[in-house]
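Protein chains in written order, with my numbering: chain A, 7 to 605; chain B, 12 to 441.
Cβ coordinates follow ideal geometry from the N, Cα and C atoms, glycine included.
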């Protein structure tokens, strides 16, 4: 980790990762750094290798772990109590509420008169994204998820930058393919590779999984074992610098798999065969967004419900949550994450290890299958991705000696701890910090409906601060009316206008939503909402111009869910780690990884 | 006269109740109304132009006060006043040329005698130097020097002239009115055809496979896009719906029925999509003298996003939308609030909106502005019926035009400013 290295990291990605992820362009995938992992694992002596392997297998099982949506916003409800606070109550709490629900558009007019507006923006997870985009400015790349601290530098130095094509759903096809035997083979290969690495001393046994890079994820797996050994030495030879830092390089296993690109027909076909949720053929797809999963309608609910009994491995709690995602009953990063974890908790409670299997391995596989089901219902949010990673990590770290019931108890308490620490307490800390930024007489502007922002406003009001709130709402969800709030697509517009009028933009975001994906635009990665929500305006039956036209070939309705705000629009990010400038996000991301995934 | 009065009152009511949608319709109806006012005005033997101006102004002030935000009304009134003076001027010139009089010296006498504001020294100097007519907005924009007329001052029916040419008078007066009505007809024609003239330029600006973004609905934009389509260009249009009026749906419908590739997006997705857009084409409500644009709400954001991604931001505006006023705090002063019902359901939020909370004011305010102000630095190009101009050029044009406005019109202008400010003040209070 000499300074030189880090410098390279910055430049390197630029060169290599240019381009979006067209399936054809093979993104470089970098290799695992077994030695490093060894370092980390060494403390846990006997089982270390095994643990390691487990986590590896776990990850490879569910490429899913890479949380797709770039930004994710804080969500409406965490605690039911808060959620209950209806629009009206929320309103009456705050001193004076000005609603400008029109669209972000009005922001200019409303902002300009009162210059001292503090725009409280609701949380979105892409701060991480942005921040990282600072160094490697122009690329849409996803780098390794479970980087031990400092490793990222290495990666850069090691010429192999992990680019992950984000294909959350690739998991489906992937999972299918990796039979247990294969997995075991792979693990063994990895172990062997590690041994080789040791033998070679510092030489890098970087598993050049470049193979995997191409459109197909599957091959990557198959290729891994062999490549690990063979390419490893090759690599080490070619990159001398990497050589000495080889010990820290075993990140491969944690590398998320490339996201499924939905314009890749062959893979889509394969995925479809497996899918529980029936993928509908969407008419009039927007050309630019063919690579994203098209919106699936809530109307599939009955269809899914009937399938319930056919899906034996699916735990009912998970199934229920999946349906709720599908129907949109649960939305928002925090709410979805908590719902998912509670369902997993249920599932763990009811879990019993089948004979001839180890809990660690089987449970990880089980969780992975749940996760892929959830993904079929709706793409994962960043927060969920991080949470799943945490859980799998916890499973992998279970000492082998633990009995099943003890292990289950440990996991369940881990889940509770995560929810409590990372979400509930984090939010309280954020509120505490943010409130200090509100002074008497301020005019605050918020966009959408964020639980964190709502708590901040209520708390500030309780402290007797005098301020006014401008709520900017937007179609199609009109969530703003509920707080009379999710910072969604449109956040970028609000931040941009605020920036133009020299108004500070504060983002509230729990640290567990940070992600090191780098994203330049909102197109390469996004989520598509229901297109019909565009043509119909809720409560305005007079707007019916498009009735009967929706099937016309040359009309397309595009309902984006997220957008990426450039980091230069953001003045400050308030997290549970304190108040930081956007440029410091990578630091938080790194610290977070170290603390929660590698400890 | 009485029937004119009825027409005026009717139009006033429509303006006050905001029954007329769109600046083109307003401009056209204003011009037609003024035409009938002119034709009904009884012209005295002396100083006919002054009489016409008087009656047009009286009506014009009322119209502007009825809807100070609809700048097209004021623009048309000013144009008509200008027409009257121009026609009068050319008639006088012709008459004088016939009498072989020294135009320049006479003019100066006339001015003083009529107690008309004196032309600026520069203008007189320029006038005596060249044979160019004082610049009208049209000639300035078209850049066509009109050498037919000899420079002259505003007033024509001077006493000295009157004495010397009394025999001429009756025929001249009838001729003046006739000429003015002809010119106003031309103006109406221009307003009617401005879409076509703007649309004709479409192919010069839209290339094959272009991706165009627009917001809300504007007839000018629709015609512009369709004109390019008719010329066999194939391109794609992103239409932002323009909440809360959702005029974008209307535009999308029109575009779809005419066979264009159309994608409807929400306003909030504009920032996400703008990086894939080649050009933003929008309509305007009014173009101010500094090149700033009063536009449907939401466009400021679009313009900012376009600037951020270096996407050309093109504004289409017929020349009746060009307004020689400088905007001051236009977000507030030249804005108008629409009904909150477009944003909130009254039934659902009635208890937040009532006054019974003890403070005497409702806790919940709903702000639903109609317009946005786009500063000139965010606009890449204006396309008017006289061609494409950049914002600084528009600003220059206005400088010349305002300088060329006669004293009376200038006074008129300041009155308009006053009414606008008052209206703006009310808006802020309400």
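Considering only the beta carbon of each residue, do residue 301/B and residue 337/B sit closer than 8 Å?
yes
Against residue 219/B, what residues of chain A qualify as contacts under a CB-to-CB distance less than 8 Å, listed in chain order?
The contacting residues do not exist; residue 219/B stays about 16 Å from chain A at best.
Buried or exposed: residue 339/B, going by 16 or more other Cβ atoms within 10 Å of its Cβ?
exposed
Per DSSP, cross-strand counterpart(s) of residue 584/A:
581/A
Option in 383/A, 385/A, 358/A and 382/A with minimal Cα separation from residue 372/A
358/A
Helix, strand or coil: how does DSSP classify residue 275/B here?
strand
Within its chain, find whatever has a CB closer than 6 Å to the CB of residue 274/B; leave out the 5 residues flanking it on each side and keep chain order.
249
Pick from 246/B, 387/B and 354/B: whose alpha carbon is nearest that of residue 306/B?
387/B
Cross-chain neighbours of residue 185/B in chain A, by beta carbon under 8 Å:
Those within 8 Å of residue 185/B in chain A number zero; the least Cβ separation is about 51 Å.
Below-8 Å beta-carbon distance, residue 270/B vs any chain A residue:
yes
At least one CB of chain B closer than 8 Å to the CB of residue 125/A: is that the case?
Because residue 125/A carries a pLDDT of 38, less than 50, the predicted location of this residue cannot be relied on, and the following value inherits that uncertainty. Not one chain B Cβ lies under 8 Å of residue 125/A.
Hey, does residue 56/B have any beta-carbon neighbour from chain A nearer than 8 Å?
no
Less than 8 Å separating the beta-carbons of residue 88/B and residue 188/B?
no
Inspect the beta-carbon positions of residue 279/B and residue 499/A and report whether they are closer than 8 Å.
yes
Against residue 551/A, what residues of chain B qualify as contacts under a CB-to-CB distance less than 7 Å, listed in chain order?
260, 261 and 264
Does residue 562/A come out as helix, strand or coil in the three-state DSSP assignment?
Here residue 562/A sits in strand by DSSP.
For residue 290/B, which three-state DSSP category applies?
strand
With a cut-off of 8 Å on the beta carbons, I'd call residue 344/B and residue 294/B a contact; round off their distance for me.
For residue 344/B against residue 294/B, the beta-carbon gap comes to about 21 Å, at or over 8 Å, which does not count as contact.
Interface residues of chain A around residue 286/B at Cβ under 9 Å?
Those within 9 Å of residue 286/B in chain A are 526, 527, 528 and 529.
Taking only beta-carbon atoms, is residue 562/A less than 8 Å away from chain B?
yes
With 7 Å as the limit, tell me which residues of the stretch 434 to 453 of chain A have their beta carbon closer than that to any beta carbon of chain B; keep them in chain order.
none
Quick one: does residue 235/B have its CB under 8 Å from some CB of chain A?
Residue contact check for residue 235/B against chain A: no CB pair falls below 8 Å.
Mind checking if residue 328/A is an interface residue toward chain B, Cβ cutoff 8 Å exclusive?
no
Drop a sphere of 10 angstroms on the beta-carbon of residue 243/B, count the other beta-carbons inside from all chains shown, and report buried for 16 or more, exposed for fewer.
exposed
Using 8 Å for Cβ pairs, my map puts residue 519/A next to residue 431/A. What's the rounded Cβ distance?
Going by Cβ atoms, the distance from residue 519/A to residue 431/A rounds to 15 Å, so no, they are not a contact pair.
Who are the neighbours of residue 503/A on chain B, taking C-beta pairs under 8 Å?
The answer, in chain order, is 311, 312 and 315.
Does the beta carbon of residue 319/B sit closer than 8 Å to a beta carbon anywhere in chain A?
yes
Beta-carbon separation of residue 71/B and residue 23/B under 8 Å?
no
Are the beta-carbon atoms belonging to residue 334/A and residue 383/A less than 8 Å from one another?
no
Starting from the beta carbon of residue 566/A, find every residue of chain B whose beta carbon is closer than 7 Å, and list them in chain order.
In chain order: 280 and 283.
Counting only Cβ pairs nearer than 7 Å, list the residues of chain A close to residue 274/B.
292, 562 and 564
For residue 353/B, collect the residues of the same chain with a Cβ closer than 8 Å to its Cβ; drop the 5 residues on either side in sequence, then sort them by chain order.
255, 256 and 379.
Is residue 384/A helix, strand or coil by DSSP?
coil
In the DSSP assignment, what are the bridge partners of residue 384/B?
305/B
Is any beta-carbon of chain B found at less than 8 Å from that of residue 413/A?
no
Tell me whether residue 56/B is buried or exposed, calling it buried when 16 or more other Cβ atoms sit within 10 Å of its Cβ.
Answer is exposed; the Cβ neighbour count stays below 16.
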